[in-house]
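Its first residue numbered 143, the sequence shown is counted upward by one per residue in this note's numbering. Cβ coordinates follow ideal geometry from the N, Cα and C atoms, glycine included. Keep in mind that this is a model prediction, so the values were computed, not measured. Taking it in order: structure first as structure tokens, then the write-up.
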Amino acid sequence: MITMIAAAAENNALGKDNDLVWHLPDDFKRFKQLTSHHHIIMGRKTFETFPKPLPNRTHIVITREENYQAGADIIVVNSIEAALDYAKNDDNLFIIGGGEIYKLGLPYATHIELTRVHHTFEADAFFPELNPANWNLVNTQFHGKDERHKYSFSYLTYERKTY
Numbered sequence: 143m144i145t146m147i148a149a150a151a152e153n154n155a156l157g158k159d160n161d162l163v164w165h166l167p168d169d170f171k172r173f174k175q176l177t178s179h180h181h182i183i184m185g186r187k188t189f190e191t192f193p194k195p196l197p198n199r200t201h202i203v204i205t206r207e208e209n210y211q212a213g214a215d216i217i218v219v220n221s222i223e224a225a226l227d228y229a230k231n232d233d234n235l236f237i238i239g240g241g242e243i244y245k246l247g248l249p250y251a252t253h254i255e256l257t258r259v260h261h262t263f264e265a266d267a268f269f270p271e272l273n274p275a276n277w278n279l280v281n282t283q284f285h286g287k288d289e290r291h292k293y294s295f296s297y298l299t300y301e302r303k304t305y
């Protein structure tokens, strides 16, 4: 499986100025649970937002920069195809963003784990629009606002339709 995992607002906003515009601890916990012990594919800008590499995951960073140095144990490639090829033996690899990488990865994705934040935000990075003709929504789980979550959100699981 090739799973895109993202949190996006009602207007598909992902973030602004290389940062998230919300804080959802339960979504972070779910992200960790799903992606641990798998390959995670991301763009350079997304990688550079991490204070350090995420534990228990193999990081693959896509960049156009020649000779980009990401640090020990970080795989650096120059295309989505090279990233997917590197992770081909993982039974469930994850594409974790940002906006440009999601656009590049969408044609290859078999599944999407989308946290839909029930609000709209000003942003400069967006999740691609999904064509309902290509995707089945197979699971939905709502999470209301609470003392730790300023916004309500829903976990949406999609599978690519096969013809």
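Next on the checklist: Is there a C-beta anywhere in chain B that falls below 7 Å from the one on Phe269?
Outcome noted: Among the chains in the structure shown there is no chain B, since it carries only a single protein chain.
Checklist entry - Beta-carbon separation of His253 and Thr177 under 7 Å? => result no
Next on the checklist: Checking 7 Å against the spacing of the C-beta atoms, do Tyr210 and Val218 come in under that value?
Outcome noted: yes
Item to check | Extent of the continuous alpha helix (DSSP H) to which Tyr228 belongs | outcome: 222-228
Checklist entry - Looking at C-alpha atoms only, which residue of Tyr250, Phe284, Ile204 is the closest neighbour of Leu256? => result Phe284
Checklist entry - Cβ atoms of Lys245 and Pro270: under 7 Å apart, would you say? => result yes
Next on the checklist: Is it buried or exposed, Met143, if we count other Cβ atoms within 10 angstroms and call 16 or more buried?
Outcome noted: exposed
Checklist entry - Roughly how far, in whole angstroms, is the beta-carbon of Leu156 from the beta-carbon of Ala225, given that I think they are within contact range, below 8 Å? => result Not really, about 19 Å apart at Cβ, beyond 8 Å.
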